[in-house]
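Visitor: After the structure tokens below, expect a handful of questions from me.
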Amino acid sequence: MAWVGELSETRYWMYILLIPSFVLILAVVLYPTLYGAQLSFREMRMNRPALGTGLIGFKHYIRLYSDPVFWTALWNTVVWTTASVALEFLLGLVAALALNRNLPGTKLLGVLILLPYFLPNVVAGHMWSLLLDPRLGVINDLLLKAGILGSYKAWFADPSTAMAAAILVEAWHGFPFFALLLLAGLKGIPADLYKAANIDGAGPLAQLRLITLPMLRTVIAAAVILRVIGLVNSPDLLLILTGGGPGRATQVLSLYAFQAAYKDFNFGYAAALSVVMFVLLMLFAWAYIRVSKVNKD
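Residue numbers for the sequence shown follow our numbering, beginning at 1298 and rising by one.
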């Protein structure tokens, strides 16, 4: 066993130790990704087994180009993701700044702020569908009594309000994610920077713009990328609240892929949709990192 001791003294030992992790990554991440990609080039309809599972080339991708539902879902995905992330970031930043002041009651407030994020999407979706129900919803009743509404409104049944209502529900459910990460980042900013800014006469807004946000740039970039990936890949909340409707008002790519796979049983087409989502997310992550310049910090 002398060779083991000799090998451990070389630079190759650390690569050997990484082999188990590398094999695990291949099994859990790389293989399913490659399998999904190759599935997009095959015919795979569980309800039409006579079609077989042979290679069909770019047929699914050509169909995507001429599919109006795909383009509607793509636009809705951009709106859904952009508006949700922007609103969640603003709410999370306000919550993190408030919690970072260490005022009396902030610990209790921190627990209350994190409660929505602890709820599963299924529970949160059903809860808000009841709160916004046009007949039994308490929110409709409160708005009606306050004189804001003239009659009960079916928020998720109206194409003009369905997406906005779903975005507000998602923002309520997801903003603690930003609050938690931003609060951790705020704890790492030296207090001396703010003391020097106070001496120089910088107000709260100037300190936020010149100190807080630049120091949080890496945390913000990581949080935004992770949240965008989560929103693009998770159709569960929209599936519960609207099912993609009314019409196609809230149809997004992940929900369309889910319906193609488990409603139409067209797994090949669903795989093509998933590959497009994967490529778009990779391009977004690359572009965002380049624009935010976090790789230069």
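Note that CB positions come from ideal geometry on N, CA and C, so glycine has one too.
If you draw a straight line from the C-alpha of Ala1568 to the C-alpha of Met1512, how long is it?
Guide: If I take the Cα positions, the gap works out to 40 Å.
Visitor: On the premise that His1357 lies in contact with Gly1565, defined as a C-beta separation below 8 Å, what is that separation, rounded to the nearest angstrom?
Guide: 6 Å between Cβ atoms; contact.
Visitor: Shortest alpha-carbon distance to Trp1469 belongs to which of Ala1383, Gly1354, Asn1373?
Guide: If we check each option's Cα against that of Trp1469, Ala1383 comes out closest.
Visitor: Where does Asn1399 sit, in a helix, a strand or coil, going by DSSP?
Guide: Reduced to three states, the DSSP call for Asn1399 is coil.
Visitor: Count the other CB atoms within 10 Å of the CB of Arg1524; is the residue buried (16 or more) or exposed (fewer)?
Guide: The residue is buried, with at least 16 neighbouring Cβ atoms inside 10 Å.
Visitor: Short of 8 Å in beta carbon distance, which residues of its chain neighbour Ser1426, apart from the five on each side in sequence? Order them along the chain.
Guide: Taken in chain order, the residues that qualify are Phe1453, Ile1537, Leu1538.
Visitor: In this structure, what does DSSP give as the bridge partners for Arg1342?
Guide: According to DSSP, Arg1342 bridges with Asn1563.
Visitor: If you draw a straight line from the C-alpha of Val1466 to the C-alpha of Leu1479, how long is it?
Guide: Roughly 21 Å separates the two Cα atoms.
Visitor: So what does Leu1352 bridge to, in DSSP terms?
Guide: According to DSSP, which records beta bridges pairwise, Leu1352 is partnered with Arg1339.
Visitor: Per DSSP, what kind of secondary structure is Pro1532 in: helix, strand or coil?
Guide: It is coil, neither helix nor strand.
Visitor: Does the count of Cβ pairs from the segment 1433-1446 and the segment 1379-1393 closer than 8 Å reach three?
Guide: The segment 1433-1446 vs the segment 1379-1393: no contact.
Visitor: Let me know the secondary structure DSSP gives Leu1429 once reduced to three states.
Guide: Three-state result, Leu1429: coil.
Visitor: Could you give the residue range of the alpha helix (DSSP H) that holds Pro1501?
Guide: Where Pro1501 is concerned, the enclosing alpha helix (DSSP H) stretches over 1501-1504.
Visitor: Using only alpha-carbon positions, find the residue among Lys1484, Gly1434, Ile1586 that is nearest to Ala1518.
Guide: Of the listed residues, the one whose Cα sits closest to Ala1518 is Ile1586.
Visitor: Put Arg1545 into one of helix, strand or coil per three-state DSSP.
Guide: Arg1545: coil per DSSP, three-state reduction.
Visitor: Within 10 Å of its beta-carbon, does Thr1330 have 16 or more other beta-carbons around it, so buried, or fewer, so exposed?
Guide: Per the 10 Å Cβ criterion, exposed.
Visitor: What number of angstroms, rounded off, separates the C-alpha of Val1529 from the C-alpha of Gly1402?
Guide: Looking at the two C-alpha atoms, the distance is approximately 36 Å.
Visitor: Which of the three DSSP states is assigned to Lys1484 in this structure?
Guide: Helix, per DSSP.
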